[in-house]
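> Protein chains in written order, with the numbering used here: chain A, 1 to 975; chain B, 1001 to 1235; chain C, 2001 to 2101. We put the CB at the ideal spot given by N, CA and C, even for glycine. Predicted model, so just to flag it, every value in this text is computed and none were measured. The structure that follows is given in the form of structure tokens.
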Amino acid sequence: MTAMPRLAAPNGLLIDRNRPVSFTFEGREIQGFHGDTIASALLGADVKVLSRSFKYHRPRGPLTMAGQDANTLVQLPGEPNVLADRTPIRDGLVVKGQNYRGSLEDDRLMILDRFSRFMPVGFYYKTFFKPGLFGGGSWKFWEPKIRAMAGLGVVDLNHPHGYYDKQYLFHDVVVVGGGAAGMSAALKAAEAGADTLLVDENPVLGGALSYARFGPESDGGRSRMQALAARVAAEPRITVMTDASCQGWFADNWLPVIRGKRLYKIRAKAVVVATGSMEQPMVFRHNDLPGVMLGSAAQRLIRHYGVRPGSRAVVAAANSDAYGVALDLMEAGIDVAAIVDLRPEPGDDEVTKAALATGVTVIPGFTPWQTRPGFGMRSIVGVEIARITGEGRAEGEGHSIACDLLCMSTGYSPTAHLLYHSGARLEYDEATAMMAIRRLPDHVFACGSVNGVFDIAAVIQDGERAGWAAACDIGLDAGPEPAAPNRTGAEGQTHPWPIFSHPKGKDFVDFDEDLQVKDILNAMADGYDHVELVKRYSTVGMGPSQGRHSAITTMRLVAKAQGVSPALVGTTTSRPPYQPETFGHLAGRGFEPVRLTPMHHRHLEAGAQMMPAGLWLRPAYYGRKEDREKAIAAEALAVRQNVGIIDVSTLGGLEVRGPDAAEFLNRMYTFAYLKQPVGRARYVLMTDMSGVVTDDGVACRFSDQHFYVTATTSGAQAVYQHMLLMNAQWRLDVDVTNVTASYCGVNIAGPKSREVLARICSDVDLSAEAFPYMAVRTGTVAGIPARLLRVGFVGELGYEIHAPASCGEALWDALMEAGRDFGIRPFGVEAQRLLRLEKGHIIIGQDTDGLTNPVEAAMDWAISRNKPFFVGGRSIAMQEARGITRMLVGFELVDPKAPVPEECHLVVRDGIITGRVTSAVRSPTLGKVVGLAYVARDQSEIGSRFNIKIAGGRMIEAKVVPVPFYDPENKRQEL
Amino acid sequence: MTLQPLDRTRRSFIWRELVAAGARFAEVNGTATAMDFGNPAAEAETARRMGLVDLSPLPRTGYKGRGALDWLRSQGVQVPEENNRALVQPDGSVACRLAPSELLLLGPLDGAPGLVDELDAAWPGPDAGTGAYRVPRPDTNLWFALTGSDADAMFSKICGVDLRTSHFPNLGIAQTQVARLSGIVVRADLGATPVFHLLADCASAGYMLAVLKDAMDEFGGGLVGLAALRELARS
Amino acid sequence: MKLINCPLNGPRNAQEFVCAGEVKLMPDPNACSDTEWTDYVFMENNTAGVVREWWCHVPTAFWFIAERDTVTDTFIRTYPASEVFGARVDFAAPAAKGGGA
């Protein structure tokens, strides 16, 4: 399709006529220029239909040309719902329409438009609520069909991840909106010394100055824009960010701004909102068809892109800007058939006078009543006008004016999204028929038309005032307060009732959701009379443009139906984001820390299957996935019969040092530590204030005032924080240092572990007499300084060796080498879990839950009863006094061939749940199934029998047996 | 320069990544340290714009506790007056005051024995009543230096504290989150070149290196050797 | 995102902090009634107005106290815990049991 010639400069501000760009739309090649958006290039090529509406599949074209309506949503490869009037074209871009069956030009689903009376407001609620053909379960049948018909673009699930990232920025003052007000504010703040950021969503600064007329002469906007922009460019304290959308306001002036594929998180000391206002559409029959657009949209097409929006126009007017639109259209060579002014008389301002002087036909006291659709509703061929006889009423229809363009310039609404987010209060102002700011939060300022100032000289003054106020707010000396403008120009900008409902409907309030006047009224008739309820029931304002063009109309309709002022109705709440944003922007680089032990690569080299443990990765077992069971059994066997080695670096480690170290542990843990001998380890069990078990480990006393305390892998950080919180209140003379990552750890376990260690540890007497079970020593292993702990989880002779992390790999290598002759074998978490269960050791969080106290976990041996205090002690005592209702017991299955119960399989007695299994395993060493389970108190005696309900509902019998299951006298670990 | 990381018991937390990047090692502080990646002159240039140096092998220590600062003063350490400020010591080491009860000492770039070793040798242990307790910093934290004129802009992608060199003073300290990990950032410029020392969980060194390389890409930054850093100190 | 003024580190993004709830003074666990103890452990006043809360700056594990207005979500003041907890706390041995550990 050949492009129509563009208008000559200075029109086409944003395009570079020397750089043609070629792309396709619906398979057709389209020519545009660098700087064009998809929408401007299409209109430049006389393509008027960009999309199909959500519900009725009506053809739609650009309404605002400002990225604020859903009429221009198009599909790019891998990216649906792209705003065609914001997205630049590039060579080879493949653009398609959305939401049609067949072709965009001939959408077969447009038949829905004729059945619209069968789809009243609340259609889904009403239709699928009741039983019957369309009710109840039938939603499952209809849902996919409805979703296929009513929808937006298509998500390509195979589209590769894009590279998105984030950046933090810091500025004294951030000004959002780079129009006359914003530039003036930024200049004033920067001149006072503020490091200022000026953000605008358009490619160039200027705002309305870049497209609107601002005076009888053609360059009233442009000349002011150039003057202000030159000053901004020359001001070193202003950073300009264009093509950037400020998506919201969050606490303490935290502004997310999207530009390209980066999300900026900007912290400002003061924020100036200079976001202007949005021109509002009228409501009349067929007000949604291609060719009906805002006056400002036509001006943007002309001045930004040099595109003629039509060839013969009618302008619907209710303010002087409409006459500026008419002048612009005429200067662009467009025949202005008439200005239909909703007011009884045109104004007497300079712009209006200049327009009247051209001799253009002005029809005051009239309104567009309906447009006349062209073929397939893909355009308009004329507009019928009617004489206004009252608010929303008109008569004498039938007077028709031929045109292919209808520009609406009947009023504005402030672009107050960020102000709403910040907690500002706005209220409908009867005098101006617009929302007006009543209160602003601290450190937030507003200026320009968002602040109800429209006169261009006053706008600049208002911007300077806001910039001055922001500078003062952050403590700068910004000089005397600038004079306030003596008139705002807000009155007479906005018509209070540009709504003319038509008996035959198709008078759209919300283009996104295809809602007509009667839908709003019916929602209220159905009982949803609050504006927030009207929104949720009718879905008005819930589409992609989030009520930008429907909220004010809805407020007026609700107010009128209720016979109250719009000020009492208000608008629905505006929330971030301001523009649609992608998950990619929110995700950014997706930082996901991973903690690796020093021996990590040795595990990989040995074929380990790694599993997550908090942020850490730990070997689950060594071998191929298909050999999992065999590998675990062989690893366990090596520990029981020979020697195994496991990486325990992920265990928490805390240094507790100082004169009160023992007293501190006495308070933090249930056991007693004051008299713990130096050189010994003692079990630690932590409870919270409510007496619930939260962590365990061992405390190793290396000197009178020095304990090294271990914690569980997942609990270490919380234990550390909790200790500091408690001592912030107790003020004991003790220091706690988190050395979790500082020390790596390995446990070598098995009958031959002493012989292996002896090969590379000569400065510690490893004999059972000199270094007994639960003793701790310091020494060197293969020349590496180490802490040696004779503790173990697996019930065999064993040593835990804790050494500096940077030496961890060398330590592992040395132990593997020393153990080679003994057939040392690394074992993983899975084998360790099996071995510890054979010993009946509990795992906090697996065998305990969020309510477990130490008594019911059969850990009362770890409670010291005669110390003044420990965290949780009082609560445990109270629970004991009330009576313990469940007990953790060891069990074995009566039938050794029965299946192994799983975690959380229930213990059931006479149909009542009395407990649950927490761990169970078929032990290769013992040749039977053993496990731990909570049971009722009266089921907990040794020899008691109980039933476990396993998957499928089968009951299997278990009996309570003593723990440990393996080596009950603990002889092996004490060798 | 045939020394390899595996030749020593102590190893950098990222020695595999250094080897993969073509590092040439020399012994510093008993550890194989990446001196350069084959082109010292070009690396010095990179370091002026955006470089990453692994200083993990170099000496450092820390003390905390009720009496830590007093004990350090008694040992001749010049302790900064304010929290989150650093002070360069006569031997070139940098004393970082993290809290009223904690100090971190970063050894000088030459890796020579100095204040760090003297303190660690002099520390009388936890039972001496000084109220000063040693923190095993060399094994707790990775230590990377992020150097050059773009380092602050790089940090702004991964750290929520304003580290712009125009706003964050030389010898300032930020204890904060970097790429979602807790970390200590110390600015200690070398000559005219901004240098940020980053100390963070050593177990996450591989993750942190990957994040930093990604964030540096935009600025053409990359790994440089210790030699480049020493070159900055001279210029 | 809110800024919270850490007494040690200055203003930082809220994501660097965790909150541990209201500052509550523990009753004497060896002398108080069961009701007093359970109130202390389980009851939060959920005050609409100014509350004192425990906050921790996670990167430095520094606990401090913040006075916050829960109605406006405004931090009024933050200060080190020593302002409230200035003296060492010791526990008397339970009267009925006696003896140390």
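#1: Whose Cβ in chain A lies nearer than 9 Å to the Cβ of Arg-2088 (chain C)?
#2: With a CB to CB cut of under 7 Å and the five nearest residues on each side skipped, what residues in its chain are close to Met-542 (chain A)?
#3: What did DSSP end up calling Leu-14 (chain A) once you bin it into helix, strand or coil?
#4: Going by DSSP, which residues form a beta bridge with Lys-96 (chain A)?
#5: Along chain A, in chain order, which residues have C-beta atoms closer than 7 Å to that of Cys-1202 (chain B)?
#6: For Arg-548 (chain A), count neighbouring Cβ atoms within 10 angstroms of its own Cβ and tell me buried if that reaches 16, exposed if not.
#7: With distance defined between alpha-carbon atoms, name the residue in A:Ala-606, A:Glu-800 and A:Leu-732 nearest to Leu-698 (chain A).
#8: In three-state terms, what does DSSP make of Pro-1005 (chain B)?
#9: Give me the chain A residues within the contact set of Gly-1160 (chain B), using Cβ-Cβ distance strictly less than 7 Å, ordered along the chain.
#10: Please decide whether Pro-1126 (chain B) counts as near chain A, where near means a Cβ-Cβ distance under 8 Å.
#11: Look at the Cβ atom of Ala-561 (chain A), then the Cβ atom of Leu-521 (chain A), and state whether they are nearer than 8 Å.
#12: Within this structure, are the beta carbons of Ala-270 (chain A) and Met-2001 (chain C) separated by less than 8 Å?
#13: Are the beta-carbon atoms of Ile-552 (chain A) and Gln-226 (chain A) separated by less than 8 Å?
#14: Does the stretch 498 to 509 of chain A come close enough to the stretch 213 to 227 of chain A that 3 or more CB-CB pairs lie under 8 Å?
#15: Helix, strand or coil: which one does DSSP assign to Ile-1254 (chain B)?
#16: Going by C-alpha distance, which of A:Val-930, A:Ile-401 and A:Met-774 is nearest Leu-835 (chain A)?
#17: State the Cα-Cα distance for the pair Asp-473 (chain A) and Glu-201 (chain A), rounded to the nearest angstrom.
#18: In the DSSP assignment, what are the bridge partners of Thr-687 (chain A)?
#19: Put Met-65 (chain A) into one of helix, strand or coil per three-state DSSP.
#20: Tell me Val-889 (chain A)'s beta-bridge partners as DSSP assigns them.
#21: On the premise that Val-935 (chain A) lies in contact with Met-887 (chain A), defined as a C-beta separation below 8 Å, what is that separation, rounded to the nearest angstrom?
#22: Would you mind stating whether Ala-1095 (chain B) and Gln-1078 (chain B) have Cβ atoms separated by less than 8 Å?
#23: Residues of the stretch 2051 to 2065 of chain C with a CB closer than 7 Å to any CB of chain A: list them in chain order, please.
#24: Applying the 10 Å Cβ sphere with the 16-neighbour rule, what's the burial state of Tyr-673 (chain A)?
#25: How is the beta strand (DSSP E) around Thr-710 (chain A) delimited, first residue to last?
#26: I believe Gly-658 (chain A) touches Val-734 (chain A) by the beta-carbon criterion, under 8 Å. Please report the beta-carbon distance rounded to the nearest angstrom.
#27: Go ahead and label Asp-106 (chain A) buried or exposed: buried means 16 or more other beta carbons lie within 10 angstroms of its beta carbon, across all protein chains shown.
#28: Can you have a look at Ile-434 (chain A) and say buried or exposed, based on whether 16 or more other CB atoms are within 10 angstroms of its CB?
#29: Let me know if Met-2043 (chain C) comes out buried or exposed under the rule of 16 or more other beta-carbons within 10 Å of its beta-carbon.
#30: Does the beta-carbon of Asn-747 (chain A) have 16 or more other beta-carbons within 10 angstroms, so that it is buried, or is it exposed?
#31: Whole angstroms are fine: how far does the CA of Leu-1103 (chain B) sit from the CA of Ala-478 (chain A)?
#32: Would Trp-1143 (chain B) and Leu-1055 (chain B) qualify as a contact pair, given that the criterion is a beta-carbon distance under 8 Å?
#33: Of the residues A:Pro-441, A:Asp-288 and A:Val-204, which one's Cα is nearest the Cα of Gly-423 (chain A)?
#34: Taking the alpha-carbon positions, what's the Ala-2101 (chain C) to Leu-637 (chain A) distance?
#35: Check whether the Cβ of Tyr-100 (chain A) lies closer than 7 Å to any heavy atom of the ligand ADP, and answer yes or no.
#36: Taking only runs of the alpha helix (DSSP H) that begin and end inside the stretch 451 to 512 of chain A, which ones reach a length of at least 4 residues, in chain order?
Let me spell this out:
#1: The answer, in chain order, is Asp-660, Trp-730, Arg-731, Leu-732 and Asp-733.
#2: The beta carbon of Met-542 (chain A) sits closer than 7 Å to the beta carbons of Glu-513 and Lys-535 from its chain, once the five residues preceding and following it are set aside; these are given in chain order.
#3: Three-state result, Leu-14 (chain A): coil.
#4: Answer is A:Gln-75, bridged to Lys-96 (chain A).
#5: By Cβ distance, chain A contributes Ala-741 and Ala-805.
#6: Counting the other CB atoms within 10 Å of its CB gives Arg-548 (chain A) a total of 16 or more, which places it among the buried residues.
#7: Reading off the sequence shown, one finds Val at residue 698 (chain A), where the question assumed Leu. Selected option, being the one with the closest Cα: A:Glu-800.
#8: Pro-1005 (chain B) falls in the helix class under three-state DSSP.
#9: Chain A residues near Gly-1160 (chain B): Tyr-168.
#10: Residue contact with chain A for Pro-1126 (chain B): present (Cβ-Cβ distance below 8 Å to some residue of chain A).
#11: Judged by their CB atoms, Ala-561 (chain A) and Leu-521 (chain A) are nearer to each other than the 8 Å cut-off.
#12: It is not a contact, given that the beta carbons lie outside the stated cut-off.
#13: At least 8 Å separates the beta-carbon of Ile-552 (chain A) from that of Gln-226 (chain A).
#14: No, the stretch 213 to 227 of chain A does not touch the stretch 498 to 509 of chain A.
#15: Nothing in the structure corresponds to residue 1254 (chain B), since chain B is present only between 1001 and 1235.
#16: With distances taken between Cα atoms, Leu-835 (chain A) lies closest to A:Val-930.
#17: If you take the alpha carbons of Asp-473 (chain A) and Glu-201 (chain A), they lie about 26 Å apart.
#18: BP columns for Thr-687 (chain A) point to A:Val-693.
#19: In this structure, Met-65 (chain A) counts as coil in the three-state DSSP scheme.
#20: BP columns for Val-889 (chain A) point to A:Ala-933.
#21: That pair is a contact at about 6 Å.
#22: With a cutoff of 8 Å on beta-carbon distance, Ala-1095 (chain B) and Gln-1078 (chain B) are scored as near each other.
#23: Those would be Trp-2054, Cys-2056, Ala-2061 and Trp-2063, in chain order.
#24: Only buried fits Tyr-673 (chain A), as 16 or more other CB atoms lie within 10 angstroms of its CB.
#25: 706 to 711 is the extent of the beta strand (DSSP E) around Thr-710 (chain A).
#26: Taking C-beta atoms under 8 Å as the contact rule, Gly-658 (chain A) and Val-734 (chain A) qualify, at a distance of about 4 Å.
#27: If you draw a 10 Å sphere on the C-beta of Asp-106 (chain A), you find fewer than 16 other C-beta atoms in it, and that means exposed.
#28: Reading the sequence as shown, one finds Met at residue 434 (chain A) and not Ile. Of the residues assessed, Met-434 (chain A) falls on the buried side of the cut-off, its CB having 16 or more other CB atoms within 10 angstroms.
#29: Note on Met-2043 (chain C): under 16 other CB atoms within 10 angstroms of its CB, so exposed under the neighbour-count rule.
#30: Here Asn-747 (chain A) is buried, its C-beta having at least 16 other C-beta atoms within 10 Å.
#31: Distance between the alpha carbons of Ala-478 (chain A) and Leu-1103 (chain B) is about 42 Å.
#32: Annotated as proximal: Trp-1143 (chain B) and Leu-1055 (chain B), with beta-carbon spacing under 8 Å.
#33: Among A:Pro-441, A:Asp-288 and A:Val-204, the Cα nearest to that of Gly-423 (chain A) is on A:Pro-441.
#34: For Ala-2101 (chain C), the pLDDT reaches just 35, beneath the cut-off of 50, and the residue's location in the model is therefore unreliable, although a value from the coordinates is still provided. If you draw a straight line from the Cα of Ala-2101 (chain C) to the Cα of Leu-637 (chain A), it comes to about 41 Å.
#35: The ligand ADP is absent from the structure shown, which contains no ligand whatsoever.
#36: Complete alpha helix (DSSP H) runs here, min 4: 456 to 473.
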